[in-house]
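First comes the structure, then the notes that go with it.
Residue numbers (the UniProt record's numbering): 1 to 420.
Have a look at this one:
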């Protein structure tokens, strides 16, 4: 909208001022400012340091980039920095103004700069400045005294704290879109620009590291590292048994599939068990002809409902098992989500082959009895004394209870994976 466009114009103007200032500094003191250009990534993080919404940052930067590159005084190109990083940069090629305190103004301050150089033995080396004044170069090995950083649970709170540490205190910002969380629940800090620090935790070799990129002044970086290490050292290491459900909210569609698997399995287990502990004792009070016909009717109802429910639950559990197997932290232990989902996916539909094989003799015998007594009057005393029907119904009751146990164990395993 208008507000976004106005903000983009303001930020584009700020970016152009930065580019012009950098070009002026380079033109007037190329020794102190050897680069006449600024990396687009660095300029973006500087310009958008007060914007904390990832979507708004993206929209604003697209508009700012378009406006800056439309300016004829700006030349986009690809350059390699002194640190060896190759990136897309912007260079101001228009006229530059004289800056206060530079050699051209006759008002240069006495140099008292120090240079921090990573990767060499720590020492202070005096060198001569361009105007003959003393200049100190401090060469420091950042590997000395490095503190191991823990793997910490990643959360919005952690991200905001990092943003506050870097953004509010040191005029820089970790953009949310630059923190790519490729491993669930884990945030690993390792080797930002300048080889400043990295994690020495041995577990990091098994995990895809997430690089947090930022740009800060080299002097302020020392204090930043101290603050970050102090914060991370107070965090408990993340164990392999930490539940994803307790750390990172799952997408709604996964929650929906979990609900389908749990509810369908539980309903199926309850309905099957009802036939054994409630139906059979009641119909057992009837004469044999009526008992056989009642069993046949109840069986036909169950046969039309149970298989679709078993298939629906099995598909849900199998899909969840496949999702769990694709996780970088997949484990094959008995209590891992993948194993529990697999158990549920196998046991729940197993009632179908169990019914068609093990229960088939009893089912066929009872079906034959029901057909035989289909037209027999209930008051026929001879028929009512048929004990074979009652014996078959009692056997079927126990076989059916086993089906309920199979589904019940599958339901418990799947539910354990969901809540555990």
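The beta-carbon is built from N, C-alpha and C at its ideal position, and this holds for glycine as well. These numbers come from a predicted model, not from an experiment.
- Annotated as distal: residue 408 and residue 340, with beta-carbon spacing of 8 angstroms or more.
- Under the criterion of beta carbons closer than 8 angstroms, residue 392 and residue 362 qualify as touching, at roughly 6 angstroms.
- Between residue 257 and residue 316, the C-beta gap is smaller than 8 angstroms, which places the two residues in contact.
- Residue 39 is bridged by DSSP to 89.
- Comparing C-alpha distances from residue 70 to each of 47, 303, 92 shows the shortest one belongs to 92.
- Ranking 347, 398, 320, 354 by CA distance to the CA of residue 278 puts 398 first.
- Pairing residue 310 with residue 386, the inter-Cα distance amounts to about 35 angstroms.
- Considered as a whole, the stretch 328 to 367 harbours 337 to 347, 351 to 357 as its complete alpha helix (DSSP H) runs of no fewer than 4 residues, in chain order.
- Note that the C-beta distance between residue 390 and residue 291 is below 8 angstroms.
- The C-alpha of residue 267 is placed about 32 angstroms away from the C-alpha of residue 388.
- Closest by C-alpha distance to residue 39, out of 347, 8, 77, is 77.
- Between residue 42 and the set 263, 323, 73, 19, the nearest pair of CA atoms involves 19.
- Within the same chain, 291, 294 come within 6 angstroms of residue 283 by CB-CB distance, once the 5 residues on both sides are set aside.
- For residue 17, the closest of 68, 33, 347, 62 by C-alpha to C-alpha distance is 68.
- Taking C-alpha positions only, residue 81 is separated from residue 345 by approximately 55 angstroms.
- Around the beta carbon of residue 45, a 10 Å sphere encloses 16 or more other beta carbons of the protein chains shown; the residue is thus reported as buried.
- Selection 412, 321, 358, 32 evaluated against residue 338 yields 321 as nearest (Cα-Cα).
- Per DSSP, the continuous beta strand (DSSP E) segment holding residue 75 begins and ends at 74 to 80.
- In the three-state DSSP reduction, residue 400 falls in the helix class (H, G or I).
- Residue 15 and residue 56 have their alpha carbons spaced roughly 17 angstroms apart.
- Residue state for residue 386 is assigned as coil, using DSSP reduced to three classes.
- Cβ neighbours of residue 11 within its own chain (closer than 6 angstroms, five residues either side excluded): 47, 64.
- At a Cβ-Cβ threshold of 8 angstroms, residue 376 and residue 252 do not count as neighbours.
- The DSSP-derived three-state label of residue 264 is helix.
- Proximity to residue 403 across 420, 359, 366, 368 peaks at 359, based on C-alpha coordinates.
- C-alpha of residue 263 to C-alpha of residue 418: approximately 12 angstroms in a straight line.
- Cβ contact annotation for residue 260 (same chain, cutoff 6 angstroms, sequence separation greater than five): 316, in chain order.
- DSSP, read as helix, strand or coil, puts residue 251 in coil.
- When the Cα atoms are used, residue 13 and residue 416 turn out to be separated by approximately 57 angstroms.
- In this structure, the straight-line span from the alpha carbon of residue 95 to that of residue 8 is close to 24 angstroms.
- Counting the other CB atoms within 10 Å of its CB gives residue 23 a total of 16 or more, which places it among the buried residues.
- Closest in C-alpha terms to residue 412, from the list 269, 85, 303, comes 269.
- For residue 7, the secondary structure class from DSSP, reduced to helix, strand or coil, is helix.
- Residue 300 sits in a helix when the DSSP states are folded into three classes.
- Of the candidates 374, 373, 6, 334, the residue whose Cα lies closest to the Cα of residue 61 is 6.
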